[in-house]
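This report refers to the structure that appears directly beneath it.
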Amino acid sequence: MTTPAHFTSQALGLAAQALFLSNPNPRVGCVLVAPDGRVIGQGFTQQAGGPHAEVVALRDAAAAGQDVRGATAYVTLEPCAHQGRTGPCCDALVAAGIGKVVASIADPNPLVAGQGFARLRAAGVAVEVGPGAAESRELNIGFFSRMVRGTPWVRLKAAASLDGTTALHNGTSQWITSPAARADGHAWRARACAVLTGIGTVLDDNPRLDVREVPTPRQPHVVVVDSQLQTPPDARLFMAGRACYIYAATQNDDKKAALEARGATVVYLPNPQGKVSLPAMLRDLARRGVNELHVEAGNKLNGSFVREGLVDEMLVYLAPTLLGPGLGMAHVGPFDTLAQGLAMDFTSVERVGPDIRLVARVRGRDAF
467 MTTPAHFTSQ
477 ALGLAAQALF
487 LSNPNPRVGC
497 VLVAPDGRVI
507 GQGFTQQAGG
517 PHAEVVALRD
527 AAAAGQDVRG
537 ATAYVTLEPC
547 AHQGRTGPCC
557 DALVAAGIGK
567 VVASIADPNP
577 LVAGQGFARL
587 RAAGVAVEVG
597 PGAAESRELN
607 IGFFSRMVRG
617 TPWVRLKAAA
627 SLDGTTALHN
637 GTSQWITSPA
647 ARADGHAWRA
657 RACAVLTGIG
667 TVLDDNPRLD
677 VREVPTPRQP
687 HVVVVDSQLQ
697 TPPDARLFMA
707 GRACYIYAAT
717 QNDDKKAALE
727 ARGATVVYLP
737 NPQGKVSLPA
747 MLRDLARRGV
757 NELHVEAGNK
767 LNGSFVREGL
777 VDEMLVYLAP
787 TLLGPGLGMA
797 HVGPFDTLAQ
807 GLAMDFTSVE
817 RVGPDIRLVA
827 RVRGRDAF
């Protein structure tokens, strides 16, 4: 099959291979097709600082001795037009003699935002935009959120019994769901730029918050909401090679110095109630390049995210067991009417081992 739709689908498949790799850059795939319909080069965006999809595809073609002059580049995002850690991809395509670019969607980055298309057209390259737009945007929902809203896409993860209990009355929670569900949860960690938890979870469980159950080329950053700076300097979450951001509300420079000696970045962002300002924290994380924020916290912090309208999506694993009274997913309410609840739409329902994985998106949150 050699239709344009097929080549776009192939490029989207390549973009998906950058899911764990390209953060904070978008996940992009590129397929180069000769005028006779042959695929002569392909690639996807590499780790930050490495080549983007278009350059990888051009190098792939060159390594195979293929002439790309007059070829069509099927790419899942507008070729960039700015000088960052790498050069502008639109210029690389022009210099290589590409005749046409079929792009899924415009880049929301204000440094690009149509300029890549404009420079291609000015150089005589034909440009078509639109095939695969919804799929490309969905694959890069966090990047679009950061660029358009100035905040990451917030995904709140929970594991619970069928009756919604995430921990027993005495705090016991390991393990409600199966090893298969835990491995799947690690895959969702791996795609995120950062994993967030609260100080209660750090003190009670001393988690690593890393990716262990699936292969990954990079570890997500870790974020701790810690109003009083109680994070122990010997906490297991400190790991060489990844950033650790601790957000506090009460200034304590001695504790800050001890944590920064472990490689953490401590940020004071108090709200009027003496807690960490979660909206300000999200804006700060976006400035630090966080596209998708994966929240694995207790029901109190989860409740704060929900009450403040900061959750975009829920990732929930339900085990086929009943545990009775205990802690729920998020401490909200009590409500007096059903209309006060948070309206969501299921976007995915899948069986994972003996458990069910639900993905539910807050209604209207992706309309940006």
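Convert by adding 466 to the 1-based position in the sequence shown; the result is the number in this note's numbering.
Beta carbons: idealized from backbone N, C-alpha and C, even for Gly.
Please read all numbers here as calculations on a predicted model, not as lab measurements.
Buried/exposed call for residue i, threshold 16 Cβ in 10 Å
| i | result |
| --- | --- |
| Gly687 | First, the amino acid is wrong: residue 687 is His here, not Gly. Per the 10 Å Cβ criterion, buried. |
| Leu480 | buried |
| Gly515 | exposed |
| Leu788 | exposed |
| Arg535 | exposed |
| Phe812 | exposed |
| Asp551 | A small fix is needed here, since residue 551 is Arg in this sequence, not Asp. That one is exposed. |
| Phe583 | buried |
| Pro645 | exposed |
| Glu601 | buried |
| Asp720 | exposed |
| Phe486 | buried |
| Asn636 | exposed |
| Ser814 | exposed |
| Phe473 | buried |
| Gln581 | buried |
| Asp700 | exposed |
| Leu538 | Residue identity differs from the one stated: residue 538 is Thr in this sequence, not Leu. Thr538 comes out buried. |
| Gln549 | exposed |
| Asp802 | exposed |
| Pro501 | exposed |
| Leu804 | exposed |
| Pro517 | buried |
| Ala833 | exposed |
| Gly706 | It should be pointed out that residue 706 corresponds to Ala in this sequence rather than to Gly. It is exposed - the Cβ of Ala706 has fewer than 16 other Cβ atoms within 10 Å. |
| Ala562 | buried |
| Ala529 | exposed |
| Glu594 | exposed |
| Glu816 | exposed |
Residues bridged to residue i [DSSP beta-bridge criterion]
| i | result |
| --- | --- |
| Leu793 | Ala633 |
| Arg648 | DSSP output for Arg648 lists no bridge partner at all. |
| Ile712 | Val690, Val732 |
| Arg827 | Glu779, Asp811 |
| Asp821 | Val818 |
| Ser611 | Its beta-bridge partners do not exist; DSSP assigns none. |
| Cys496 | Gly509, Val541 |
| Leu784 | Ala626, Ile822 |
| Val661 | Val688, His760 |
| Trp619 | Glu758 |
| Val567 | Ala539, Val593 |
Neighbourhood of residue i by C-beta distance below 6 Å, restricted to the same chain and skipping five residues each side
| i | result |
| --- | --- |
| Ala592 | Lys566 |
| Ala484 | Arg493, Phe510, Thr511 |
| Val522 | Gly509 |
| Pro574 | Phe610, Met613, Val614 |
| Tyr783 | Ala625, Thr643, Ala647, Asp821, Arg823 |
| Arg708 | Gln685, His687 |
| Leu634 | Gly792 |
Nearest-angstrom Cβ-Cβ length linking residue i and residue j, presumed shorter than 8 Å
| i | j | result |
| --- | --- | --- |
| Ala569 | Val541 | 5 Å |
| Ala796 | Asn765 | 6 Å |
| Asp750 | Arg621 | About 18 Å; that fails the 8 Å criterion. |
| Gln513 | Pro683 | 7 Å |
| Pro597 | Ala471 | 7 Å |
| Ala660 | Val680 | Not confirmed; about 17 Å, so no contact. |
| Gly755 | Val798 | Contact doesn't hold; Cβ gap of about 30 Å is too wide. |
| Arg655 | His760 | 6 Å |
| Leu559 | Pro545 | 6 Å |
| Gln532 | Ile506 | 4 Å |
| Leu767 | Leu748 | At roughly 13 Å, the Cβ-Cβ gap does not stay under 8 Å, so Leu767 and Leu748 are not in contact. |
| Val578 | Ala547 | 5 Å |
| Val772 | Leu808 | 6 Å |
| Ala482 | Leu605 | 6 Å |
Within-8 Å CB hit, residue i to chain E
| i | result |
| --- | --- |
| Gln508 | Considering every chain present, this structure includes no chain E. It has just one protein chain. |
Same chain, Cβ closer than 8 Å to residue i, neighbours up to 5 away in sequence not counted
| i | result |
| --- | --- |
| Met810 | Met780, Ala826, Arg827, Val828, Arg829 |
| Val690 | Leu662, Thr663, Gly664, Ile665, Val668, Thr697, Leu703, Cys710, Tyr711, Ile712, Tyr713 |
| Thr632 | Ala624, Ala625, Ala626, Ser639, Ile642, Asn765, Gly792, Leu793, Gly794, Met795 |
| Lys722 | Leu695, Ala714, Val732 |
| Gly790 | Asp629, Thr631 |
| Glu774 | Leu744, Pro745 |
| Gln692 | It should be noted that the sequence gives Asp, not Gln, for residue 692. Once the five neighbours on either side are set aside, the close Cβ partners of Asp692 are Gly664, Ile665, Val668, Ile712, Tyr713, Ala714, Val742. |
| Gly503 | Thr468 |
| Ala727 | Pro699 |
| Leu478 | Gly495, Thr542, Ser570, Gly598, Glu601, Ser602, Leu605 |
Beta-carbon contacts of residue i that lie in its chain and below 7 Å, excluding the five residues immediately before and after
| i | result |
| --- | --- |
| Asp650 | Val818, Arg823 |
| Val657 | Per the sequence shown, residue 657 should be read as Arg rather than Val. Same-chain partners within the cutoff: Leu485, Phe486, Glu758. |
(request) For the region 632-641 and the region 721-735, state whether three or more C-beta atom pairs, one from each stretch, are separated by less than 8 Å. (result) no
(message) Would the region 496-506 count as touching the region 605-614 if we require 3 or more Cβ pairs under 8 Å?
(response) no
(message) Across the region 577-589 and the region 615-625, are there enough close Cβ pairs to call them in contact, namely three or more that are closer than 8 Å?
(response) Three or more beta-carbon pairs separated by less than 8 Å are not found between the region 577-589 and the region 615-625, which leaves the two stretches without contact.
(message) Any contact between the region 715-723 and the region 660-679? By contact I mean 3 or more CB pairs, one from each, below 8 Å.
(response) no
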